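Engineer: Just so it is clear: in the sequence shown, position 50 is 62 by this note's numbering, and no numbers are missing. Cβ atoms here follow ideal geometry from the backbone N, Cα and C, with glycine treated the same way. Predicted model only: the values in this text are computed from it and were never measured. Let me begin by handing over the structure; questions about it come next.
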Amino acid sequence: MSKPKILLIEDDLDLAELTLLYLTQQGFDLTHSESAQAVANLPADLRFDLIICDIMLPDSDGFSLFAELQARYQCVIIFMTALDGQQEQIKGLELGASDYIVKPVNPELLVARIKANLRKLPSEAPPQSVTLHDFTIDHTHQQLTIGDRQQKVTTQEFDLLWIFAQHPGKVLSREYLFEQYVGRPYDGLDRAIDLKISRLRKKIDSYQIDGLTIKTVHGQGYLFNYQPQLSDKG
13 MSKPKILLIE
23 DDLDLAELTL
33 LYLTQQGFDL
43 THSESAQAVA
53 NLPADLRFDL
63 IICDIMLPDS
73 DGFSLFAELQ
83 ARYQCVIIFM
93 TALDGQQEQI
103 KGLELGASDY
113 IVKPVNPELL
123 VARIKANLRK
133 LPSEAPPQSV
143 TLHDFTIDHT
153 HQQLTIGDRQ
163 QKVTTQEFDL
173 LWIFAQHPGK
183 VLSREYLFEQ
193 YVGRPYDGLD
203 RAIDLKISRL
213 RKKIDSYQID
223 GLTIKTVHGQ
233 GYLFNYQPQL
243 SDKG
């Protein structure tokens, strides 16, 4: 799962540094801009899931910047400011902000508010099947079909193969595979995932299908791919 991307617009550099450090430790991907001009200078292809915007900026104010942010990024926008007046809070929310947070704010509360607002984002339905040439893995029905044959596979083998099949031709690190398969961060010591990959590789080899492989990429991880050898005709 990718990290939620957050843009922090804050001109207090000390506060910004502390906020960036804490939110990064909490699993968010942070970008910082200290002014409206700095936001304008961001690469055009950058996208964010959520924006935390101060109101009192050196070259503008968050209220004036809001419409531009909304049009450019189309994401959740939160005001985080020292302005604690009722009218300012009403104005911010009426503009369309998803939340209005008054500084100073407890870091744990900030994270909770961010997560609550991220839940408002429409969730993208994950793919339920992956097809590579005549290889199809169907997550809904827990089936693996290669050519016209349905292959036997255990639940554990299927779950691991499903992770690989979503990233064909891409090296996946042990850390990523462990976290996706086991559901918790890799501790740097556990080699259970290597054993399971070894067993899955033997199962795949038993199919005797040319081009279907899980390769070890030393120092990096594992690479799954399926490149069937097409016979020349004529």
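Give every residue of the same chain whose Cβ lies closer than 7 Å to the Cβ of GLY246, excluding the five residues on either side of it in the sequence, and list them in chain order.
Structural biologist: Locating residue 246 in the sequence shown gives position 234, where the first residue counts as 1. Reliability of the predicted coordinates at GLY246 is poor, the pLDDT of 40 falling under 50, and the value obtained from them is presented with this limitation in mind. None.
Engineer: Alpha carbon to alpha carbon, what distance is there between THR166 and HIS145?
Structural biologist: Translated into the one-based positions of the sequence shown, residue 145 becomes position 133. Translated into the one-based positions of the sequence shown, residue 166 becomes position 154. Whole-angstrom Cα-Cα distance: 23 Å.
Engineer: Please work out which residues of its chain come closer than 6 Å, Cβ to Cβ, to GLU22, disregarding the five sequence neighbours upstream and downstream, and give them in chain order.
Structural biologist: Indexing the sequence shown from 1 puts residue 22 at position 10. Closer than 6 Å at the Cβ level, and outside the excluded window around GLU22, lie ALA28 and ASP66.
Engineer: Helix or strand or just coil, what does DSSP make of SER45?
Structural biologist: Within the sequence shown, numbered from 1, the residue matching residue 45 stands at position 33. Residue state, collapsed to three classes: strand.
Engineer: What's the call for GLY39, buried or exposed, on a 16-neighbour Cβ count within 10 Å?
Structural biologist: Residue numbering aside, residue 39 sits at position 27 when the sequence shown is read from its first letter. Exposed, since its Cβ has fewer than 16 Cβ neighbours within 10 Å.
Engineer: Which full runs of the alpha helix (DSSP H) of 4+ residues lie inside the stretch 86-156, going along the chain?
Structural biologist: Counting whole runs of 4 or more residues, the stretch 86-156 contains the alpha helix (DSSP H) stretches 98-107 and 119-130.
Engineer: CB MET68 to CB THR93, shorter than 8 Å?
Structural biologist: Locating residue 68 in the sequence shown gives position 56, where the first residue counts as 1. Locating residue 93 in the sequence shown gives position 81, where the first residue counts as 1. Yes; because the gap between Cβ atoms is below 8 Å, this pair is in contact.
Engineer: Is the CB-CB distance between ILE89 and LEU95 below 8 Å?
Structural biologist: Translated into the one-based positions of the sequence shown, residue 89 becomes position 77. Translated into the one-based positions of the sequence shown, residue 95 becomes position 83. No, they are not a contact pair.
Engineer: Can you tell which of GLU187, GLU169 and VAL229 has its C-alpha closest to the C-alpha of LYS214?
Structural biologist: Position 202 of the sequence shown, counted from the first residue, corresponds to residue 214. If we check each option's Cα against that of LYS214, GLU169 comes out closest.
Engineer: Suppose the cutoff is 8 Å on Cβ atoms and the five residues either side in sequence are ignored; what does the same chain contact list for SER243 look like?
Structural biologist: Locating residue 243 in the sequence shown gives position 231, counting from the first residue. Reliability fails at SER243, whose pLDDT of 48 lies under 50, so the model's placement of it is uncertain and no value is given.
Engineer: Around the Cβ of PRO55, are there at least 16 other Cβ atoms within 10 angstroms (buried) or fewer (exposed)?
Structural biologist: For the purposes of this step, residue 55 is identified with residue 43 of the sequence shown, where counting begins at 1. Exposed is the call here.
Engineer: Can you name the start and end residues of the beta strand (DSSP E) that PHE236 belongs to?
Structural biologist: Start at 1 with the first residue of the sequence shown, and residue 236 comes out as number 224. Element bounds for PHE236: 233-238.
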